[in-house]
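Asker: One structure is given below, represented as structure tokens, and several questions about it will come after.
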Amino acid sequence: MTIAQHKVVTIHYKVSDSDSDELIDSSENGEPMTYLHGARNIIPGLEQALEGKSVGDKLEVMIAPADAYGERSEDRVQQVPIEAFEGMEKVEPGMAVTAQTDQGEINLVIAEVQGETVTVDANHPLAGKSLTFNVTVEEVRDASDEEKAHGHVHGPGGHEHG
Ligand code: ZN
């Protein structure tokens, strides 16, 4: 069975920063990842690379930012007064915070603290990075009608409905 639209695919993967070779994430010592193909459960570049592959196939693919987590946008970097963080014990660079906006909740990272001014960055931490994936295809099966309707995988490694 080959990977195509509406197949449930299980992979082991290792992903590193293409420029620095720094390891970002790996499933090697844990559970493999299971996703629904063609439902944008994973980044577009990886989904494309897996199309037509089958169990046992190994691939190494370098994915440009546009097909991964997008380019960094300086519009997503903002300065806010430190009063905005009232109630927080400390405000330090590198901290992840959640902000309420008109568009709902967004995740921010505190980039810099200078006096009363805090610079926050709403870019995805992997935005602007080229990523190298090493992937082994472990399992491919047909998705159930329910999985197709929901757009995600159920059961082990998938979505648990409460
Ligand atoms: Zn579901």
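The sequence shown lines up with residues 4 to 165 when you count with the working numbering.
Backbone N, C-alpha and C fix where the C-beta goes; we use that ideal spot for every residue, glycine too.
1. Just to be sure I understand the criterion: a residue counts if its Cβ is closer than 5 Å to at least one heavy atom of the ligand ZN. Which residues meet that?
2. Since P84 contacts T135 with CB under 8 Å, what's their CB separation in whole angstroms?
3. Report back the beta-carbon spacing between V138 and G59 to the nearest angstrom; my notes put them in contact at under 8 Å.
4. Between P159 and the ligand GDP, is there a pair consisting of the residue's CB and a ligand heavy atom that are separated by less than 8 Å?
5. So is D124 buried or exposed if we call it buried at 16+ other beta carbons inside 10 Å?
6. Can you tell me which residues form a DSSP beta bridge with G107?
7. Quick one: grab the DSSP three-state call for D22.
8. Mark H164 as exposed unless 16 or more other C-beta atoms lie within 10 angstroms of its C-beta, in which case mark it buried.
9. Whose C-alpha, out of D105, H127, K56, T37, is nearest the C-alpha of A69?
10. Ignoring anything shorter than 3 residues, give me the beta strand (DSSP E) runs that lie fully in the segment 122-163, in order along the chain.
11. Looking only at its chain, what residues have a beta carbon closer than 8 Å to the beta carbon of A114, apart from the 5 residues adjacent to it on each side?
12. Whole angstroms is fine: what's the gap from V100's alpha carbon to D28's?
13. Which of the three DSSP states is assigned to A52 in this structure?
14. Near A130, what residues of its chain come up, given a Cβ to Cβ distance below 6 Å and the 5 sequence neighbours on each side ignored?
Answerer: According to the data block:
1. Output, sorted by chain position: H153, H162.
2. Contact check for P84 and T135: beta-carbon distance about 40 Å, past the 8 Å limit, so the pair fails to qualify.
3. About 12 Å separates the two Cβ atoms, so there is no contact after all.
4. The ligand GDP is absent from the structure shown, which contains only the ligand ZN.
5. Note on D124: 16 or more other CB atoms within 10 angstroms of its CB, so buried under the neighbour-count rule.
6. T104
7. coil
8. exposed
9. H127
10. 134-145
11. V80, P96, T122, V123, D124
12. 22 Å
13. helix
14. Y72, G73, R75
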